[in-house]
Amino acid sequence: MQAHSTRLMSHDSHSPLPPGPADMLRQPASSPPCPTEALRALWRYGDVTRYRTPMQEVTLLSHPDAVRTVLSSDNFVRVPFAKNVLGPGVVPSDGPLWERRRKLMLPEFARDRVGGMVATFRDTTSARADTWTAAPDGVLDISREMDHLALLNIGRVLFGFDPDEAFLDAFAVVLAYMGKLSNAATLGFPLQLRANDNQDFEAALASLEATVREVMDSQPEAGAALLHLLRDGEQPLASTELRNEIIAMLTAGHETTAVTLTWMWDALVRDPAMTERFYAEVDAVAGDRPVTVEDLPRLEFTNQLLLETMRLCPPIWIVGRLAQRDAVVGGYQIHGGSILAVSPFLTHRHPDFWDDPEEFRPERWSTPTVDHPFAYFPFLAGRHLCLGKHLAITEILTVMATIAQRCRFEPVREQPSAYNAKFSLRIQDGLPVRVRRRA
490 MQAHSTRLMS
500 HDSHSPLPPG
510 PADMLRQPAS
520 SPPCPTEALR
530 ALWRYGDVTR
540 YRTPMQEVTL
550 LSHPDAVRTV
560 LSSDNFVRVP
570 FAKNVLGPGV
580 VPSDGPLWER
590 RRKLMLPEFA
600 RDRVGGMVAT
610 FRDTTSARAD
620 TWTAAPDGVL
630 DISREMDHLA
640 LLNIGRVLFG
650 FDPDEAFLDA
660 FAVVLAYMGK
670 LSNAATLGFP
680 LQLRANDNQD
690 FEAALASLEA
700 TVREVMDSQP
710 EAGAALLHLL
720 RDGEQPLAST
730 ELRNEIIAML
740 TAGHETTAVT
750 LTWMWDALVR
760 DPAMTERFYA
770 EVDAVAGDRP
780 VTVEDLPRLE
790 FTNQLLLETM
800 RLCPPIWIVG
810 RLAQRDAVVG
820 GYQIHGGSIL
830 AVSPFLTHRH
840 PDFWDDPEEF
850 RPERWSTPTV
860 DHPFAYFPFL
870 AGRHLCLGKH
880 LAITEILTVM
890 ATIAQRCRFE
900 PVREQPSAYN
910 AKFSLRIQDG
920 LPVRVRRRA
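In our numbering, the protein residues as written are 490 to 928.
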């Protein structure tokens, strides 16, 4: 039985330090570490848990009240990890730079602008799906396909270019490397780098930068609204600043979307009844005509499937924050300069807010009963609510419906998919499926 604390925020200067393991958090070097199991083990100490790694002291937060305190206050800022690796931009930064860039970009992610992107999402998906039955034995890795599809979509609508397979591979190397560093820093996992990992990372990042430089100098005919705004608008960015923003937006814009799409297909291929309900809805709403923006809110079950997928498998499964000053969170003292870890993976399973929290039940969203604004935050919340939230939801619904019009997927392996929690919450070893063309 987990000892969950539900104390409200306190401002008592004599508050105690959070509970936690007495010794330094260590992961066994003899077996591959599992980040999500490490989180569950720490959660047994309570909703605010303090632990030490070989690098630093960390406080893990699980209760929505504590999450609200941290994500809503400017005392808790983004840790500089991603900014140091990818360069400062609106996604990994904080403070005045983040405020200026977010204000500049926000109009490009408004609902009416995003609605105009549906045709691109639909056409890109249709073209990609038409190639799938040519795979050997009709089997392909949906995880890989969703990665490329999401990267194509975001590249086209924001920057007017088509990322190729080499660009996708370079991104995968960069994100895998960042995931290893992040887990070592946040959870104290052994930094298991192979002999060539540093060189591979540097080569992959250089490859990304070379392509981004070409995009910066290009004159795309269509799309590229964000590129034009940042490069040619009233407040044009310097070359290095533009490079940082393109890489950051491509990272945030494709990774989480691709991961969510993959987990949605994973849920469907393992549940025939759920699959039939999904296909019947797409057939009833759109038939065989092109999917439109007006169709998306009518895909009620597909929306529920998306919400439930992001509850149990949030692509951003843990987020770090740096306390600038001493504070009290959840009734416990937090020292200035220490790290806090906020985990949607845990909060989305909190038994005080979710019935049968480990059960995958899309129908729970037909009449949502969770009334705490920070009990569910797959796009984060508060000050750093995801800039591209509406874009991601619109893209995911369009992609799912468009694929459903063309293909059905059958599972290849019987065992449940395992978590691969690094930079994002991926599926371990991908998702191989057999493709069947729909008549």
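Yeah, the Cβ is synthetic: ideal placement off N, Cα and C, and Gly gets one too.
Tell me the DSSP bridge mates of I828?
V547 and L811
Within a Cβ cutoff of 7 Å, which residues of the same chain sit near W587, ignoring the five residues on either side of it in sequence?
V579
So L629 is in the alpha helix (DSSP H); what residue range does that whole segment cover?
Here L629 belongs to no alpha helix (DSSP H); instead the beta strand (DSSP E) covers V628 to D630.
Considering only their Cβ atoms, is the gap separating V748 from L647 smaller than 8 Å?
no
Over what stretch of residues does the beta strand (DSSP E) that includes N733 continue unbroken?
Careful: N733 lies outside any beta strand (DSSP E), inside the alpha helix (DSSP H) at S728 to V758.
Can you grab the Cα-Cα spacing for the pair L794 / W752, in whole Å?
10 Å
Which value, in whole angstroms, describes the spacing of the CA atoms of E703 and L697?
10 Å
Closer than 7 Å by C-beta to L920: which residues in its own chain qualify, once you throw out the five before and the five after it? Chain order, please.
D630, I631, S632, T751, W754, D755 and S906
What does the Cβ neighbour count give for M889, buried or exposed, with the cut at 16 atoms within 10 Å?
buried
Pull up the distance between the alpha-carbon of A655 and that of G509, whole angstroms please.
44 Å
What is the DSSP secondary structure of G919, reduced to helix, strand or coil?
coil
Applying the 10 Å Cβ sphere with the 16-neighbour rule, what's the burial state of P857?
exposed
Inter-residue Cα distance where the pair is I736 and Q917
25 Å
Between which two residues does the alpha helix (DSSP H) carrying Q892 extend?
Per the sequence shown, residue 892 should be read as Ile rather than Gln. Where I892 is concerned, the enclosing alpha helix (DSSP H) stretches over K878 to A893.
For R926, three-class secondary structure by DSSP:
strand
What span of residues does the beta strand (DSSP E) with A910 cover, start to end?
Y908 to A910
Based on DSSP bridge pairs, tell me the residues matched to P900.
V922
Report the rounded CA-to-CA distance for A812 versus E723, giving the unit in angstroms.
35 Å
Counting beta carbon pairs with one atom in the region 559–569 and one in the region 832–843, are three or more of them shorter than 8 Å?
no
Pairwise C-alpha distance: T538 and P900
39 Å
E744 versus L549: straight-line alpha-carbon distance, rounded:
24 Å
Just grab the DSSP bridge partners of T538 for me.
L549
Going by CA-CA distance only, name the one from P846, G809 and F863 that's closest to A673.
G809
Ordered along the chain, which non-local residues of its own chain (more than five positions away) have a Cβ less than 8 Å from that of S494?
Below a pLDDT of 50, predicted positions are generally treated as unreliable, and S494, at 42, falls in that range; the measurement from the model is reported next regardless. The answer, listed in chain order, is G535, D536, V537, H552, G819 and G820.
Please identify the residue among Q545, R800, R778 and P761 whose C-alpha is closest to the C-alpha of P867.
R800
With H, G and I counted as helix, E and B as strand and the rest as coil, what does DSSP make of V818?
strand
Tell me whether M498 sits in a helix, a strand or coil according to DSSP, three-state version.
The predicted position of M498 is uncertain, since its pLDDT is 43 and thus under 50; a value taken from the coordinates is nonetheless stated next. In the structure shown, M498 sits in coil (DSSP, three-state: anything other than H, G, I, E or B).
Continuous beta strand (DSSP E) stretch holding V566: start and end
F565 to R567
How long is the line joining the alpha carbons of N642 and L739, rounded to whole angstroms?
10 Å
Which residue's Cα is closest to the Cα of P998: G877, E884 and D563?
Any answer about residue 998 is impossible in this case: the structure gives the chain only from 490 up to 928.
Could you work out which residue in P761, Y666, W806 and M635 is closest to A684 when comparing CA atoms only?
Y666
Please report the straight-line C-alpha distance between R645 and T746, rounded to a whole angstrom.
15 Å
Going by beta carbon distance, what residues of the same chain come within less than 6 Å of A741, once the five residues before and after it are set aside?
V580
Taking 8 Å as the cut-off, decide whether the C-beta atoms of R923 and R895 are in contact.
no
Out of D815, E797 and Q822, point me to the one whose CA is closest to F834's CA.
E797
Roughly how many angstroms separate the alpha carbons of L726 and T609, rounded to a whole number?
26 Å
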